[in-house]
Structures are given as structure tokens and as C-alpha cells.
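Quick notes on the structure that follows.
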Amino acid sequence: MTQDDIMAATNDCIEKPIPPVDSEVEIPLHKVPHFKYKAIKTAIFCYSIAMVGIAISLLGPTLPQLGRNVNEKNLGWVFTTRGLGYIVSSVITGKIIDHYNEKEKDPKKQLLVSKLILIAGVLCAAGALVIIPFIPYLWLLCIVIIFIGIGGGLLDLGCNVMLFNLWGDRVNTPLQFLHFSWGFGAFLAPLIVYACEAITTSIIGPGPEIGIDPRTQLIVYDRVIHTRVAHIFTALLTSTTIPLVLFGLRSKEVEAAVVDKVELTEVAVAVPEGEQDAATVKVEQESTAEQIKETRRLKIKQILVTGVIGLALFFYVGAEVGFGSLIYSYLTEWQGLTSESHANLLNSAFWLSFSLSRLAGAPISIYLSPKWMLILDLVGCMLSFLVMMIFNTNIVVLWIFSILLGISLATQFPTTMSMPTTSLGMENTGAMTSAMVVLAIAGEMIVPLFLSYLTEHAGPKAMFYSLFGIGACASVLYIILIFGFKKEKKPVAKEEK
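Residue numbers (the working numbering): 27 to 523.
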């Protein structure tokens, strides 16, 4: 190679600088740094959330026996107190995580806090599950069930926030798996009750007869022992989360996971030793006012984004729970369109399509951006509500679009929760996540009550008109979220001249 060739190659290198590390090209999810550690931790979070789904959903199939234990048929307060416990623990958990993330920089101590939050949630839920079937008073039952809500809030919000901190702007796919795990746990709960009752019946019999169900004309048995077995078994199953948390999360891997971040930070701020003091003083003088202004702008944006997402989840979760809870009554008692068994099948088809779609959302999220996933979900939801509103007495139409609605609703919650991090380039703090979860729970509690009241006073068809209006409100908020906020640009280290 001649001297001219060497000079030409050198000039080419000078004219074509190396592109910055922080490029817009995304590496595959399985090739992100420390993927194995992140995958193991995500699996532990998913298992924990599945246990939450089982613990919370166990109340449904065991509720008739719990009502007989306390001599009370109307147990609506049980769900209200559970929701209050969920809300309180969600707020507290978010503040605890934010406090330790801001004040404590030692990864070992941050990991310890994460473990304590998860273990506390498991102990609250498991302890309450053991006590509940032995309680003879309604007021005491409501108090103990608060701890089911507290445990659920600790585990639910804790796992969500920790997952955001673990994956950053790649959180959408792991978050889809996390929320599928909750649905899978809810699916297992009645199967666990059925299995425990079958095994107990084979050993001690069905229990004493207490009457005949006027609707089915079948003998009703006092299954107090069977219910206790189901609750104790579920408590033991939930407790298996504790050894996974204690031994599955190791501090050495946590330290390794932050090494790259520390090294990159050191490189980005490196200044020649002789000019370090002067450069530092100059940068501080020039940037202080600008940093204050930028911090204030980001804080305002954070509040606005949290408010829009929280309200969208209020309407979305309310519509999901309202439809899933009331469609059976609409088909049987209110309209008399079909038999109870047929209505049960349609209701099960809705929740089955919901669960399968949530599972499918994980691989789909690898190829579709959160924005496009939300847009497709919104189109599916509004189309379903519109068609069911128009053809509200056609059982075939209700079957088809109930399934489409379940598919469209499934991925909205995890995708919406991931939007600040994945699409807006913001940090999803514990306070933000807790605010979103609290508003979602409020929608779960308020919207179904509103739908029931409106249907009772305005007629059965008012349910679908109301659902269409609620879906429209959520859609407006989602449009604001998708198109009204710009993505924050990541800071890139300046080139040295």
C-alpha cells in the first residue's frame, strides 16, 4: 500500500465519523445486555402475578360458602373492601419504590427492598386466605379481605414498577407476559376449587344437606370443609413465591446489570484532567437555569401523561369489567334471549378470547409498536360496541362481537402502561404507575355500578349505549396520548473535536 493510499484511507475515516452508540436501530429482545438475568427475574414476577390472580379470583367460586359461614347472602362489601386495600397498598408501594430508587444507589439494597415488597405481598395474601374460611362474622370477613387487596397491590404494583426499571423502553413484550400471567392465575382459581372439592368429597363425602336450590332443583351441601381445604391449598401454593424471590434474585447479577450503565456514564462525562475544574464550573453556570426549566417541563408532561393514561384506564377497565360482569344478566334476566347455560358459554368465550389474546400479545408486541397495537385495539373495541348497540337482540351478533371485544380489550392495559417508557421516552416512576393503577381500580369499582343502575332505570338496552359512550371517552383519551405527546430525545454524548 502506497503512502497516498494510506492518506486517502485516513481522510475517509475522518470524514465518516463512527455513529453514536444510541442509535434508533433496535437490537432483538433476546440480545439485550444481561438478557438471561432479566428473563429469570421476569419469570419470577410472572409467577408472582399468577399467584395474585389465583388468590383474588378464589373469592368468586367460594363466595356462596363464605356467605353461608357469615349468614349473609349479599357480600358486595367484600369486593369493595378488597378494592380499598388494593388502592391503599398500590399508593404506598409506588412511594416506597420511588424513595429507594432516588435515595439509595446501592443495587444490593434496591434488590433487598424489591424482595421485601414481594414477600410482604405474599404473606398478606396467603395469611388472609387461610383465615377467611374460618370467619363467622361479615364485618370481620371484610377486614381480613382487605389484606387480600393489600397483598395483591404490593405484588401487582411492585412487579409492574420493577419490570419497568428492569427493561426500560423494551418493557412492552415482558409486560404482555406479566399481565397474561394474572389472567392465567384467574383461570386456574375455579379449577383449583373444583379439584380440592372433588378430592375432599372422595374422602369425607359431600357434606351435610342444607336445602335445595330453587333454580336448579339440586341439593345444596354445606361445603365448609371443602372450602377450607381449597383456601389452605391456595395459600400454600401462593407461598411458593417466597423461595423463588429469595434465591432466584442474586445481587451479583444485579451489580453486573448496572456496570454498562456506569461505564457509559463515566465515558460520556469524561473531561481532560487539566481542564476538569474549569469545564465543570462553566457547564454548571451555563446549564443551571436551563436544567431547572427542563425539569419543570418534564414534570408537567409527566403529570399530564399520567392523568390521560389514568383516565383512559378508568374507562377501559370499567368497560371490560362491566361487560364481563353484566352480559350474563343481560342475556338471561333482562332480555331473556337465551338459557343460563348458553349465557355462561358466551361469557366464558369472552374471557377465553381475552386470555388467549393477551398471551398472543407478547409475540405480537415484538413486531408491532405500542401505538399501532392501541390503534388496532381501539378500532376493534368501538366496532364491537357499535354493532352490539345496533343489533342488541341478535344472539349470533352478540356471540361474534363479544369474542372480538375480548380480543381487542386484552392487550390494552399492558400496552397503555408501557406507553410512557416505550413511545414517549419517559421514566415510568412508582408514583406514575400507582396513579394509573388506582384510577383503573376506581373504574373497575364505579363503572359496573353505574351500568347496573342505568340499566335498572332506563332499560336493558341502555347497557350497550353506555358502553359505546364509555368506549368513545376512552378512545378520545387514547388519541390524545398517541398523537398529542412527542417522544423525549435521549441525550447523546457530544463528539470531542
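Every residue gets a Cβ at the ideal spot worked out from N, C-alpha and C, and that includes glycine.
- Following the DSSP letters along the chain, one finds asparagine 186 inside the alpha helix (DSSP H) bounded by residues 164–193.
- Linking threonine 226 to threonine 88 through their CA atoms gives a straight-line distance of about 15 Å.
- For serine 460 and valine 117, the gap between their C-alpha atoms comes out near 5 Å.
- When the beta-carbon positions are compared, glutamine 202 and serine 391 come within less than 8 Å of each other.
- When DSSP states are grouped into helix, strand and coil, methionine 452 belongs to the coil group.
- Distance from the CA atom of threonine 199 to the CA atom of isoleucine 171, rounded to whole angstroms, is 32 Å.
- Membership of arginine 249 in any alpha helix (DSSP H) is not indicated, and neither H nor E is assigned to it by DSSP.
- In the structure shown, the three-state DSSP call for threonine 106 is helix.
- Phenylalanine 105 and valine 96 have their alpha carbons spaced roughly 15 Å apart.
- Contact holds between the segment 461–480 and the segment 338–346, because three or more Cβ pairs, one in each stretch, are under 8 Å apart.
- Apart from sequence neighbours up to five positions away, the residues of its chain that approach isoleucine 75 with a beta-carbon distance below 6 Å are Cys185, Leu204, Ser207 and Trp208, ordered along the chain.
- In terms of CA proximity to serine 265, Ala81 leads the group Ile123, Lys135 and Ala81.
- Collapsing the DSSP output to three states places lysine 325 in a helix.
- Histidine 257 is classed as buried because its beta carbon has at least 16 other beta carbons within 10 Å across all chains shown.
- Inclusion of valine 197 and serine 428 in the CB contact set at 8 Å is not warranted, their separation being larger than that value.
- Inclusion of glutamine 328 and methionine 458 in the CB contact set at 8 Å is warranted, their separation being smaller than that value.
- For threonine 358, no alpha helix (DSSP H) run applies, since DSSP gives it neither H nor E.
- Classified as exposed, valine 422 has fewer than 16 neighbouring CB atoms from the shown chains inside 10 Å of its CB.
- Unbroken alpha helix (DSSP H) runs of no fewer than 4 residues, entirely contained in the segment 328–413, are found at 366–393, following chain order.
- Ranked by Cα distance from tyrosine 491, the options Ile416, Thr448, Phe511 and Gly432 are led by Ile416.
- In the structure shown, asparagine 127 adopts helical secondary structure according to DSSP, grouped into three states.
- Taking every protein chain shown into account, the CB of alanine 152 has 16 or more other CB atoms within 10 angstroms, so this residue is buried.
- With contacts defined as CB atoms closer than 8 Å, valine 473 and glycine 348 qualify as a contacting pair.
- Under the criterion of beta carbons closer than 8 Å, isoleucine 230 and isoleucine 251 qualify as touching, at roughly 6 Å.
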